[in-house]
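Asker: My structure is below; once you've seen it, I'll send some questions.
Protein chains: 2
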Amino acid sequence: MKEQPNGLIDGWLALTQVQLGVAAKLEQELQARHRLSLNDFYLLYFLSVAPNKKLRLQQLEGMIGLSQSAVSRLVSRFEAKTCGVLQRHACDEDRRSIYTALTELGDAKVEAATATFREVLAEALSERELEQALSTLLAARDEAADK
Amino acid sequence: MKEQPNGLIDGWLALTQVQLGVAAKLEQELQARHRLSLNDFYLLYFLSVAPNKKLRLQQLEGMIGLSQSAVSRLVSRFEAKTCGVLQRHACDEDRRSIYTALTELGDAKVEAATATFREVLAEALSERELEQALSTLLAARDEAADK
DNA sequence: CAATTACATGCATGTGCATGCATTTATAAG
DNA sequence: CTTATAAATGCATGCACATGCATGTAATTG
Chain A
1 MKEQPNGLID GWLALTQVQL GVAAKLEQEL QARHRLSLND FYLLYFLSVA
51 PNKKLRLQQL EGMIGLSQSA VSRLVSRFEA KTCGVLQRHA CDEDRRSIYT
101 ALTELGDAKV EAATATFREV LAEALSEREL EQALSTLLAA RDEAADK
Chain B
1001 MKEQPNGLID GWLALTQVQL GVAAKLEQEL QARHRLSLND FYLLYFLSVA
1051 PNKKLRLQQL EGMIGLSQSA VSRLVSRFEA KTCGVLQRHA CDEDRRSIYT
1101 ALTELGDAKV EAATATFREV LAEALSEREL EQALSTLLAA RDEAADK
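Chains A and B supply the protein sequences, listed in that same order.
If you use our numbering, the first sequence corresponds to residues 1 to 147, in order.
If you use our numbering, the second sequence corresponds to residues 1001 to 1147, in order.
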């Protein structure tokens, strides 16, 4: 037989499609209602739930899933663009590090954006497709594991 | 209470992390063993499972999850770089369209890459984290739906 | 003083958006 | 039915921009 069963791959593709679709919807709504890209939101969100609402760049890197340079520039752009939402200041214990902190204004903005985010997410995840993709993927995975 | 329960968001973030992680692993192995990016592979894979192993650009667009221009360039680069793997030729029924077809050489390359892809996928999906992320997400979703 | 760590930056590249060009399809007039 | 014209479709390309990699700089550690 030339063609192998591609359940695993199809499951993965389905999951990826769902992920892409939901992310696109999130991006679109965040952009429309709050002038935020998805990564912008992630940045603000992770800051908002961090202790003292501040984090070093290195910590954000892993959370957002971007490279070190990308995070550095994400914060830079943000600071330049939307003045007043976040603020960088050196860390006294280690002056190589730089804390990125949320201002009160930023905190309010995050709260509003988070409401949108949660709303869109709830709607998107109630779609039939998620269920479909996940069950396809898990079934194929287990089947592959048995082999 | 100021902080709301963020189960939905955390679930989504967990799923996104898993997706990113697996995609990175796939990209890395495909690059190392076959000199293919993840999108390169998707392009070849979708062609390989298509009837007559050929597709028009527009069809690839939705499958790969890229914009029209991105697909146009993806194919262009591919044609230029790895001569002989794929081949474009006009479509007789509609001369605006262009078929992108897999050559025999390309077909062999895809087959090898697909084996790698499936292998990496099987390993990555057996990780505990997937289960974790999915159950977290689904539980939070259902909870949100009840509300 | 050497090695490491945290962040910034030059550079190449892939991407999306807007637009352009060629072709097809739809509409209308004669 | 034929022809003229407008709208839509499929792909390519100029442009701006976000990203990753490699590297540079400053600070910390051993």
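Even glycine gets a Cβ: it sits at the ideal position worked out from N, Cα and C.
If you're wondering where the values come from, they're calculated on a predicted model, not measured in any experiment.
Can you tell me where the alpha helix (DSSP H) with residue 1020 of chain B in it begins and where it stops?
Answerer: Element bounds for residue 1020 of chain B: 1007-1034.
Asker: At which residues does the beta strand (DSSP E) containing residue 100 of chain A begin and terminate?
Answerer: Looking at the DSSP string, the run of the beta strand (DSSP E) that includes residue 100 of chain A is 98-102.
Asker: If the cut is a Cβ gap below 8 Å, which residues of chain B does residue 65 of chain A touch?
Answerer: Ordered by position in chain B, the residues that pass the 8 Å Cβ test against residue 65 of chain A are 1016, 1017 and 1020.
Asker: In the DSSP assignment, what residue or residues form a beta bridge with residue 1087 of chain B?
Answerer: The partner list for residue 1087 of chain B (beta bridge, DSSP) reads B:1101.
Asker: Would you kindly work out how many angstroms separate the C-alpha atoms of residue 1103 of chain B and residue 64 of chain A, rounded to a whole number?
Answerer: Their Cα atoms are separated by approximately 40 Å.
Asker: Specify whether the region 17-27 of chain A and the region 1131-1143 of chain B touch according to this definition: at least 3 beta carbon pairs, one from each stretch, less than 8 Å apart.
Answerer: Segments in contact, no.
Asker: Assuming residue 1121 of chain B and residue 1100 of chain B make a contact with CB atoms under 8 Å, what is their CB distance in whole Å?
Answerer: Not really, about 25 Å apart at Cβ, beyond 8 Å.
Asker: Cα separation between residue 81 of chain A and residue 61 of chain A?
Answerer: So the alpha carbons of these two residues sit roughly 20 Å apart.
Asker: Whole angstroms is fine: what's the gap from residue 89 of chain A's alpha carbon to residue 1039 of chain B's?
Answerer: Computed Cα separation, rounded: 39 Å.
Asker: Could you round the C-beta distance between residue 1145 of chain B and residue 1008 of chain B to whole angstroms and report it? I think they count as a contact, below 8 Å.
Answerer: Incorrect: roughly 10 Å between the Cβ atoms, too far for contact.
Asker: What residues of chain B sit near residue 118 of chain A, judged by a beta carbon separation below 9 Å?
Answerer: Near residue 118 of chain A (Cβ distances below 9 Å), the residues of chain B are 1004, 1006, 1008, 1009 and 1144.
Asker: Using a Cβ-Cβ cutoff of less than 6 Å, which residues in the same chain neighbour residue 1014 of chain B once the five nearest sequence positions on both sides are dropped?
Answerer: Counting only Cβ-Cβ distances below 6 Å, and skipping sequence neighbours, we find 1133 and 1136.
Asker: By how many angstroms is the C-alpha of residue 12 of chain A removed from the C-alpha of residue 1059 of chain B?
Answerer: Near 19 Å, if we compare the C-alpha coordinates of residue 12 of chain A and residue 1059 of chain B.
Asker: Is there a Cβ from chain A that is less than 9 Å from the Cβ of residue 1114 of chain B?
Answerer: Yes, its Cβ sits closer than 9 Å to a Cβ of chain A.
Asker: Evaluate residue 106 of chain A with the Cβ neighbour count: other Cβ atoms within 10 Å of its Cβ, from every protein chain shown; 16 or more gives buried, anything less gives exposed.
Answerer: Classification of residue 106 of chain A: buried, given that the 10 Å Cβ count is 16 or more.
Asker: Does any residue of chain A have a CB that is nearer than 9 Å to the CB of residue 1134 of chain B?
Answerer: So yes, residue 1134 of chain B belongs to the interface.
Asker: The alpha helix (DSSP H) with residue 1095 of chain B in it runs from where to where?
Answerer: Element bounds for residue 1095 of chain B: n/a, residue is neither H nor E.
Asker: Consult DSSP for residue 1055 of chain B and reduce its assignment to one of helix, strand or coil.
Answerer: Correct three-state label for residue 1055 of chain B: strand.
Asker: In this structure, how does DSSP classify residue 64 of chain A when only helix, strand and coil are distinguished?
Answerer: Three-state DSSP puts residue 64 of chain A in a helix.
Asker: When the Cα atoms are used, what is the spatial distance from residue 1075 of chain B to residue 1034 of chain B?
Answerer: Cα to Cα, residue 1075 of chain B sits roughly 17 Å from residue 1034 of chain B.
Asker: Counting contacts by CB-CB distance shorter than 9 Å, is residue 126 of chain A in contact with chain B?
Answerer: Answer yes: the Cβ-Cβ gap between residue 126 of chain A and chain B drops below 9 Å somewhere.
Asker: Leaving out five residues before and five after residue 1002 of chain B in sequence, what residues of the same chain have Cβ atoms less than 8 Å from its Cβ?
Answerer: Unreliable positioning characterises residue 1002 of chain B in this predicted model, as indicated by a pLDDT of 47, which lies under 50. The coordinate reading is nonetheless provided below. Around residue 1002 of chain B: no qualifying Cβ.
Asker: Since residue 50 of chain A meets chain B, which of its residues come closer than 8 Å, beta carbon to beta carbon?
Answerer: Those within 8 Å of residue 50 of chain A in chain B number zero; the least Cβ separation is about 12 Å.
Asker: Of all Cβ atoms in chain A, is any one closer than 9 Å to the Cβ of residue 1045 of chain B?
Answerer: Yes, residue 1045 of chain B lies at the interface with chain A (some Cβ there is under 9 Å from its Cβ).
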